[in-house]
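One structure is given here, and the rest of the page talks about it.
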Amino acid sequence: MKKIHNYSLLLLTLLLLAACSEKLDLRPETSMDTDKALSGETNLKLATSGNYSLLNDFDYISAYFHMAESPVDNVEATSVFDPGGTRQYGAYSYVHFPTMANSTRLYTNAYKLVRGVNNVIAAIPDDASPALLQLKGENLFLRAIAYHSMVKIFGRPYVQNNGNNPAVPIIDKPMPTLERPAKRHTVKEVYDFMVADLLKAEAMMTIDANNNAFASKYAAQAMLSSLYLNMGNNAKAIEYADKVIAATAKFTLVQGDAYKGYFATNHSTDKETIFCIKNLDGTGSGFYYYNQSYTVEKFAAVSKPLWDLLNEGTGDLRKNFYKALKTADGTTWNFTTKFVQNPAVNTTEKVSSPPIYRLAEMYLNRAEANAKLNNGQLALDDVNTIRRRAGLTGTDLYALGSLRGRSTVLQVVLDERRLEFAFEGGQRRDDLLRNNLPMIRTYGKAGQPGSNITVQPTDARVVYFLPLSETNGVTNSLEQNP
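Put into structure tokens, the structure is as follows:
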């Protein structure tokens, strides 16, 4: 089920292309030679395509989704079985260790992406042609994506100690593959680095490919809105959400049947998606929370609190993103269908192309920021926009005098974010940690690790250990998370 990318073949292709254009002599491969191969728009486009493939590596994106989603209160483990050695159960139960498979996969493959994009970024000067600057901007965006996944998994939330906790090393230039940095930068330093990359990328990306699987200035703006929200800079979160929402010719909220079928598309051309990781039907690759053909792989079921929330409104269209399935013991659970896998076997379902940023997030980023700035009516206006799109009307909408049992406008927003973004790459985890809220599970099998627990946002295990290879003093000696 993995998508295997032959990076040696990619490099060979680069060398052959360069040789044909008489731009490179064919000496033995070194880091210098690889850098020199990255000359000319054709070669740089090919290298950038390879970097998108690195982002889409199954061992990277699947690892990240499971590590970000399994620990939250949207999920109930169906058993202690850990399918495929992916360590989902360790993430769910907060039983972490430095040799967790997903931690190593995420860290290793994120840095593969960082190294790949650094080669392209360094090869394009800031006064290059618009076409080359577009490529540079896309790679700056991809670098920010890589660091965002790592800082959220291995670094504590920005709101704790104002970002001055250790995160991951920043690599901002080409370096030999085997060279390993020995210093962890702080969460704040990583966020500042991402913001700088994205501001530069926003200015450079002036060519719109009209394909949501490629980075654009709007993708950079969407990510900036989310970063600023995590940083507590609410005014900036609103500013960048506004930029995307204002692009009405480019983005609109999909409605009705189109919304019910939203996650069955590849998102490359729809009007809701700002940036996605595109997979193709028939490839057998992608990302999933369950596989319909393999009973043992139904691990992350929908929790009762989330299901109750989905049933609170009358006719909520978001219930279409879930289906009832049986596990090996005959128990029926609800599972999300937002991300499904292996259409070669599951012929009735389409492969997942995860939307990383979509327009609904911009509305709810703006709503959360306005709630924190005491702009309650503005926050509720955006929440109600999302609820109306979900088919909710009348008393299922919110007003300042009618919060439907919620004590604050912020709680209204967080509940709506939970409904809208469940299972979409760690949104619920971010929401809890950003707002200093505990993860509370009041459900699960008695005696099963991860059941009936409360995890405070300051708990050591809300972040993961760095891979052992980075801290054991043999290949590297980074400071380990406590």
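When you line the sequence shown up against mature numbering (1 follows the signal peptide of the UniProt record, and there is no 0), it's residues -18 to -1, 1 to 464, in that order. We put the beta carbon where it would ideally sit given N, CA and C, even for glycine.
Measure the alpha-carbon distance for Ala29 versus Met157 and round it to whole angstroms.
The count along the sequence shown starts at 1 and reaches residue 29 at position 47. The count along the sequence shown starts at 1 and reaches residue 157 at position 175. Distance between the alpha carbons of Ala29 and Met157 is about 16 Å.
With respect to the alpha helix (DSSP H) encompassing Ile338, which residues constitute its N-terminal and C-terminal limits?
Along the sequence shown, one-based indexing puts residue 338 at 356. Unbroken run through Ile338 is the beta strand (DSSP E), Pro337 to Arg340; no alpha helix (DSSP H).
Among residues of its own chain, excluding the 5 on either side of Lys242, which ones have a beta-carbon nearer than 6 Å to its beta-carbon?
For this step, residue 242 is matched to residue 260 along the sequence shown. Around Lys242: Leu299 and Asn302.
Over the uninterrupted beta strand (DSSP E) stretch that includes Ala110, give me the two end residues.
The residue you call residue 110 lines up with position 128 of the sequence shown. It is not in any beta strand (DSSP E) - Ala110 carries neither H nor E in the DSSP assignment.
Going along the chain, which unbroken runs of the alpha helix (DSSP H) with 4 or more residues stay wholly within the stretch 38 to 109?
Entirely contained in the stretch 38 to 109, the alpha helix (DSSP H) runs reaching 4 residues are, in chain order, 40 to 51, 70 to 75 and 83 to 105.
Quick check on DSSP: helix, strand or coil for Lys27?
For the purposes of this step, residue 27 is taken as the residue at position 45 of the sequence shown. Here Lys27 sits in helix by DSSP.
Please work out which residues of its chain come closer than 8 Å, Cβ to Cβ, to Leu374, disregarding the five sequence neighbours upstream and downstream, and give them in chain order.
Translated into positions along the sequence shown, residue 374 becomes position 392. Within the same chain, Leu374 has close Cβ partners Gly295, Thr296, Gly297 and Asp298.
From the DSSP secondary-structure annotation, give me the bridge partner or partners of Pro464.
The sequence position of residue 464 within the sequence shown is 482, counting from 1. Partner(s): none; Pro464 has no beta bridge.
Of the choices Ala353, Glu402 and Thr390, whose alpha-carbon is the least far from that of Arg370?
Residue 370 sits at position 388 when you count from the first residue of the sequence shown. Out of Ala353, Glu402 and Thr390, Glu402 has the C-alpha closest to the C-alpha of Arg370.
Skipping 5 residues on each side, what residues in its chain have a beta carbon closer than 8 Å to that of Ile227?
To locate residue 227, count along the sequence shown from 1; it is residue 245. Within the same chain, Ile227 has close Cβ partners Phe233, Leu341, Met344, Tyr345 and Arg348.
In chain order, what residues of the same chain lie with their CB nearer than 7 Å to the CB of Pro163, ignoring the 5 residues before and after it?
If you number the sequence shown from 1, residue 163 lands on position 181. Excluding sequence neighbours, Pro163 sits near Pro151 and Ile153.
Within its chain, find whatever has a CB closer than 8 Å to the CB of Val445; leave out the 5 residues flanking it on each side and keep chain order.
Taking the first residue of the sequence shown as 1, we reach residue 445 at position 463. So the list reads Ile135, Phe136, Gly137, Arg138 and Asn463, once near-sequence residues are dropped.
Distance check for Thr251 and Asn192, CA to CA, integer angstroms please.
The residue labelled residue 192 in the question sits at position 210 within the sequence shown. The residue labelled residue 251 in the question sits at position 269 within the sequence shown. One C-alpha to the other measures close to 7 Å.
What residue does the beta strand (DSSP E) around Ile256 start on, and which one ends it?
Numbered from 1 along the sequence shown, position 274 holds the residue referred to as residue 256. Here the beta strand (DSSP E) through Ile256 covers Thr255 to Cys258.
Roughly how many whole angstroms lie between the Cα atoms of Ala178 and Met186?
As a first step, residue 178 must be located in the sequence shown, where it is residue number 196. As a first step, residue 186 must be located in the sequence shown, where it is residue number 204. The straight-line gap from Cα to Cα measures roughly 12 Å.
If I follow the unbroken alpha helix (DSSP H) through Tyr304, where does it start and stop?
Stepping through the sequence shown from its first residue, residue 304 is reached at position 322. Not the alpha helix (DSSP H): Tyr304 falls in the beta strand (DSSP E), residues Tyr304 to Lys308.
For Ala178, name the three-state secondary structure that DSSP assigns.
Here residue 178 is taken as the residue at index 196 of the sequence shown, counted from 1. Helix at Ala178.
Checking 8 Å against the spacing of the C-beta atoms, do Asn84 and Asp412 come in under that value?
Position 102 of the sequence shown, counting from 1, holds the residue named residue 84. Position 430 of the sequence shown, counting from 1, holds the residue named residue 412. No, the pair does not count as a contact, with Cβ atoms beyond the cut-off.
Pair every Cβ in the stretch 404 to 418 with every Cβ in the stretch 49 to 60, then say whether three or more of these pairs are closer than 8 Å.
With the cut-off at 8 Å, the stretch 404 to 418 and the stretch 49 to 60 touch.
Following the continuous alpha helix (DSSP H) through Asn216, name the residue where it begins and the one where it ends.
As a position in the sequence shown, residue 216 is number 234, starting the count at 1. Where Asn216 is concerned, the enclosing alpha helix (DSSP H) stretches over Asn216 to Ile227.
Between Phe321, Asn216, Leu180 and Ala223, which lies nearest to residue 466 when the distance is taken from Cα to Cα?
Since the first residue of the chain shown is -18 and the last is 464, residue 466 is not available in this structure.
Compare the Cα-Cα distances from residue 468 to each of Ile338, Glu398, Arg423 and Lys218 and report the closest residue.
Since the displayed the chain opens at -18 and closes at 464, residue 468 lies outside it and no answer follows.
Residue ranges of each beta strand (DSSP E) run of no fewer than 3 residues wholly in the stretch 126 to 193, ordered along the chain?
Runs found: none.
Which value, in whole angstroms, describes the spacing of the CA atoms of Leu450 and Asp174?
Looking up residue 450 in the sequence shown gives position 468. Looking up residue 174 in the sequence shown gives position 192. Between Leu450 and Asp174, the C-alpha separation is close to 27 Å.
Report the partner residues of Ser384 according to the DSSP bridge assignment.
For the purposes of this step, residue 384 is taken as residue 402 along the sequence shown, with counting starting at 1. BP columns for Ser384 point to Ala381.
Touching or not, the stretch 373 to 387 and the stretch 306 to 313, by the rule of three or more beta carbon pairs under 8 Å?
Segments in contact, no.
Near Ala201, which residues of its chain fall below 7 Å by C-beta distance, leaving aside the five closest residues on each side in sequence?
Residue 201 sits at position 219 when you count from the first residue of the sequence shown. Cβ neighbours of Ala201 beyond the five flanking positions: Phe123, Ile256, Phe257 and Tyr339.
Could you compute how far the alpha carbon of Ser35 sits from the alpha carbon of Val102?
Locating residue 35 in the sequence shown gives position 53, where the first residue counts as 1. Locating residue 102 in the sequence shown gives position 120, where the first residue counts as 1. Rounded to the nearest angstrom, the two C-alpha atoms are 14 Å apart.
From which residue to which residue does the beta strand (DSSP E) around Asn316 run?
Within the sequence shown, numbered from 1, the residue matching residue 316 stands at position 334. It spans Thr314 to Thr318 - the beta strand (DSSP E) in which Asn316 sits, taken as one unbroken run.
In or out: Tyr71 buried (at least 16 other Cβ within 10 Å) or exposed?
Taking the sequence shown and counting its residues from 1, one reaches residue 71 at position 89. Flag for Tyr71 reads buried.
Can you tell me which of His48, Val99, Ser61 and Ile43 puts its alpha carbon nearest to the alpha carbon of Leu20?
What you label residue 20 is simply residue 38 of the sequence shown in a count that begins at 1. For the residues His48, Val99, Ser61 and Ile43, the minimum Cα distance to Leu20 belongs to Val99.
Using C-beta distances below 6 Å, list every residue in its chain close to Asp224, excluding the 5 sequence neighbours before and after it, in chain order.
As a working mapping, residue 224 is identified with position 242 in the sequence shown. If we look at Asp224 and ignore the five residues flanking it on each side, it has no Cβ neighbours.
Verify whether the separation of the beta carbon atoms of Leu181 and Ala105 is less than 8 Å.
Locating residue 181 in the sequence shown gives position 199, where the first residue counts as 1. Locating residue 105 in the sequence shown gives position 123, where the first residue counts as 1. No; because the gap between Cβ atoms is not below 8 Å, this pair is not in contact.
Please classify Ser31 as buried or exposed, where buried requires at least 16 other C-beta atoms within 10 Å of its C-beta.
Your numbering for residue 31 matches position 49 in the sequence shown. Its Cβ having fewer than 16 others within 10 Å, Ser31 is exposed.
Could you give the distance in angstroms between the alpha-carbon of Leu396 and the alpha-carbon of Glu350?
Position 414 of the sequence shown holds residue 396. Position 368 of the sequence shown holds residue 350. Roughly 8 Å between the two C-alpha positions.
So Pro439 and Leu415 are in contact, right, with Cβ under 8 Å, and what is the actual spacing, rounded?
In the sequence shown, residue 439 corresponds to position 457, counting from 1. In the sequence shown, residue 415 corresponds to position 433, counting from 1. About 5 Å separates the two Cβ atoms, so the contact holds.
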